[in-house]
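In what follows, a structure is listed as structure tokens, so that the remarks can point back to it.
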Amino acid sequence: MAFESNWRSSLGATERYANIEKLRKSIEVKGLSSTGTAHKTAFDIEAEAYNTSESRKAYENACNGIIAAPADLEHPDAIPDTPGILIGKYQDCHHLASGLVAEVYRSKAVALKVITETRDVQPHNPAREVQILTEASHSAIIHLIEKFRDQEGRFVLVFPFMPLTLAKIIGSGSVPESFTRSCFHDLFSALAYLHEHGIIHRDIKPSNLLLKSRSGPAYLSDFGTTWHPTFSAVDEPPNRKVLEVGTTCYRAPEALFGNRSYNTSLDMWAAGAMLVECLRNPPKPLFESRDTSEDGNQLGLILSIFKTLGTPTKETWPEATSFSTPPFEWYQEFPGLSWEELLPGVREDTIDLVKRLVCYESGKRFTAVEALSHQFFISQE
1 MAFESNWRSS LGATERYANI EKLRKSIEVK GLSSTGTAHK TAFDIEAEAY NTSESRKAYE
61 NACNGIIAAP ADLEHPDAIP DTPGILIGKY QDCHHLASGL VAEVYRSKAV ALKVITETRD
121 VQPHNPAREV QILTEASHSA IIHLIEKFRD QEGRFVLVFP FMPLTLAKII GSGSVPESFT
181 RSCFHDLFSA LAYLHEHGII HRDIKPSNLL LKSRSGPAYL SDFGTTWHPT FSAVDEPPNR
241 KVLEVGTTCY RAPEALFGNR SYNTSLDMWA AGAMLVECLR NPPKPLFESR DTSEDGNQLG
301 LILSIFKTLG TPTKETWPEA TSFSTPPFEW YQEFPGLSWE ELLPGVREDT IDLVKRLVCY
361 ESGKRFTAVE ALSHQFFISQ E
């Protein structure tokens, strides 16, 4: 019984955070909480399990009770049999998710993005999102069917309904390499198209990669914070871009340290972090981060990046010498971990692709075109 009474001493902070992250994703997938409060809810559930459980097994059971694979992964096209609401001409609309400026509903074969926040919440811009999607033409970018104002005067964007996201797949357990290869081929294809036109998506994350089925294809979505060289030029000149972009653990270091001149390589960092998450078994984020609305989230993410990759120097990150907030002379230097430690059991050629995406110096990161030509997409399991 001595082991049981001291079980908390054997539970490290990394393991606790991993459970919080799994809880957060499960909560978001199941729609048990809005995106903005999912992290806090997960933190509260884990804290209660930690403080009240009498054993390590009881703690794990308390956490895993809500981390079970979502039912809609088995029947992703299932339509609720309860009556929905009317939005414009679309009947039986059922709520799917809520974000900072919009709510998403499903009506049979379409998804409706209803803009609920009319104030200027930079860099969110639904009008610019429509401009970009109207102009864009690529098989791996979600198609905008139409736009309209509903009975309440709210701006509504209509898309094809996609039953799954990469976040849901990650939340259900280990991700097959064949699926990862197919999914990221679609993602890099979409990014290659966008980047060729100077467009930066700025919110690459698992929940923004939509899937038609468990085998794909994948579609890049949510262009609400996207930067366009023409449409965004007035509000955000190329050398004065908004820094508060990206989500939690997928935010690139150049934005964290004040480089307003960041470019398309910002998306490649996020894509690389996503790829690592999918390659891990079980899936786990590369970096630890609180929700962007929480105090200290940026400092916590910086610390996690430094502990994981090692504290950068002027030699390893020369471009950062010109940032408004250089990352050097950190109060503590961290050696970082090797990629073999971060991705145990993963093939060398796959690790090579990751290394070329998740690196401090943005100019050394692979472009989307270079990533598509990598051996990872040529090799077979």
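Going by the UniProt record's numbering, the sequence shown opens with residue 1, and the numbers climb by one from there.
Idealized CB from N, CA, C, for every residue including glycine.
Just so you know, these numbers come straight off a predicted model, no measurement behind them.
Contact the region 262–273 vs the region 233–251: 3+ CB pairs below 8 Å: Yes: at least three Cβ pairs fall under 8 Å.
Whole angstroms is fine: what's the gap from L164's alpha carbon to K212's? The alpha-carbon separation between L164 and K212 amounts to approximately 7 Å.
Taking its Cβ as the centre, do 16 or more other Cβ atoms sit within 10 Å of W317, making it buried, or is it exposed? buried
Same chain, Cβ closer than 8 Å to N239, neighbours up to 5 away in sequence not counted: Excluding residues within five positions, the ones whose Cβ falls inside 8 Å are R260, S261.
Give me the residue from Y360, L309, T321 with the minimum Cα distance to P335. Out of Y360, L309, T321, L309 has the C-alpha closest to the C-alpha of P335.
Any idea what DSSP makes of A69, helix, strand or coil? Confidence at A69 is low in this model, with a pLDDT of 44, below 50, so the placement of that residue should be treated as unreliable; the coordinate-derived value is given next. Coil, per DSSP.
DSSP on L372, reduced to helix/strand/coil? helix
Under 8 Å by Cβ, that's how I've got G272 and S289 pegged, so tell me the actual separation to the nearest angstrom. About 15 Å; that fails the 8 Å criterion.
Can you name the residues that DSSP bridges to P160? V110
Please go through the same chain and pick out, in chain order, the residues whose beta-carbon is closer than 7 Å to the beta-carbon of F377, but skip the five residues on each side of it. R181, H185
Beta-bridge partners of C93, as assigned by DSSP: Answer is I85, bridged to C93.
Could you tell me which residues DSSP pairs with A218 in its beta bridges? BP columns for A218 point to L211.
Where the beta strand (DSSP E) containing E146 begins and where it ends: 146–149 is the extent of the beta strand (DSSP E) around E146.
Can you tell me whether A68 is buried or exposed, with buried defined as 16 or more other CB within 10 angstroms of its CB? Low confidence applies here, because A68 scores a pLDDT of 46, under 50, leaving its location unreliable; read the following figure in that light. By the neighbour-count rule (16 or more Cβ atoms within 10 Å), A68 is not buried but exposed.
Candidates Q332, N297, Q298: closest to T313 by CA position: Selection Q332, N297, Q298 evaluated against T313 yields Q332 as nearest (Cα-Cα).
Look at the alpha carbon of T230 and the alpha carbon of A255, and state the distance between them as a whole number of angstroms. Cα to Cα, the separation comes out at about 21 Å.
Specify the secondary structure class of T134 as computed by DSSP and reduced to three states. Looking at T134 - three-state DSSP - the assignment turns out to be helix.
Answer with buried or exposed for A109, where buried requires no fewer than 16 other C-beta atoms within 10 angstroms of its C-beta. Exposed, by the Cβ-count rule.
Strand pairing of I115, partner residues [DSSP]: A102
Mapping the DSSP letters down to three states, classify F155 as helix, strand or coil. When secondary structure is reduced to three states using DSSP, F155 falls in the strand class.
Considering D352, what are the terminal residues of the alpha helix (DSSP H) in which it resides? From DSSP, the alpha helix (DSSP H) with D352 extends over 348–355.
Here's the rule I'm using: 16 or more other beta-carbon atoms within 10 Å means buried, otherwise exposed. How should I169 be labelled? buried
Measuring CB to CB, does L220 end up less than 8 Å from I142? yes
Can W330 and F306 be called in contact, C-beta distance under 8 Å? Taking 8 Å as the Cβ cut-off, W330 and F306 qualify as a contacting pair.
To test your reading of the DSSP string, which unbroken alpha helix (DSSP H) runs of 4 or more residues are found completely within the region 246–281? If only uninterrupted alpha helix (DSSP H) runs of at least 4 residues are considered, those enclosed by the region 246–281 are 253–256, 265–279.
Unbroken alpha helix (DSSP H) run spanning C183, endpoints: 177–196
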